[in-house]
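Input: a single structure, listed below in structure tokens.
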Amino acid sequence: MDPQSTDATTTSIEGFVNDVKQFRKEIDANIVKTEAYLAQPSKYGREMALVRTKLQEAKMWAGKVLEAVGSPFPAELADKSN
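Residue numbers (numbering that gives the first Met the number 0): 0 to 81.
Have a look at this one:
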């Protein structure tokens with residue numbers, strides 16, 4: 000196996016992981032925006048709640064992509080039962 004191709008693949012995966020993490024941050028920023036809209040009285044509350052839910056799902060699925068490529072899950076975010 001050519002070491003250069005391994006380095007290129009690693010760099011490519013790392014770049015992909017960083018892109019997905021950035022994408023998740025952008026999704027999270029939009030989740031925060033929807034929560035601001037939901038705090039205001041509106042006749043579109045149900046629809047905005049669905050927008051928030053779908054954004055949360057998108058963030059979760061992007062996390063599943065990170066899991067699939069082997070990106071480590073931060074220990075501080077792990078579910079804990081007390």
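In this text, a Cβ means the ideal position worked out from N, Cα and C, and glycines have one as well.
Every value quoted in this text rests on a predicted model; they were computed, and no experiment measured them.
Spatial distance of residue i from residue j (CA atoms)
| i | j | result |
| --- | --- | --- |
| N29 | L54 | 8 Å |
| V19 | E75 | 19 Å |
| G62 | E25 | 13 Å |
| R23 | E56 | 11 Å |
| S41 | L65 | 36 Å |
| P71 | L49 | 30 Å |
The ligand SAH heavy atom lying under 6 Å from the CB of residue i
| i | result |
| --- | --- |
| T33 | As for the ligand SAH, it is missing from this structure, which has no ligand bound. |
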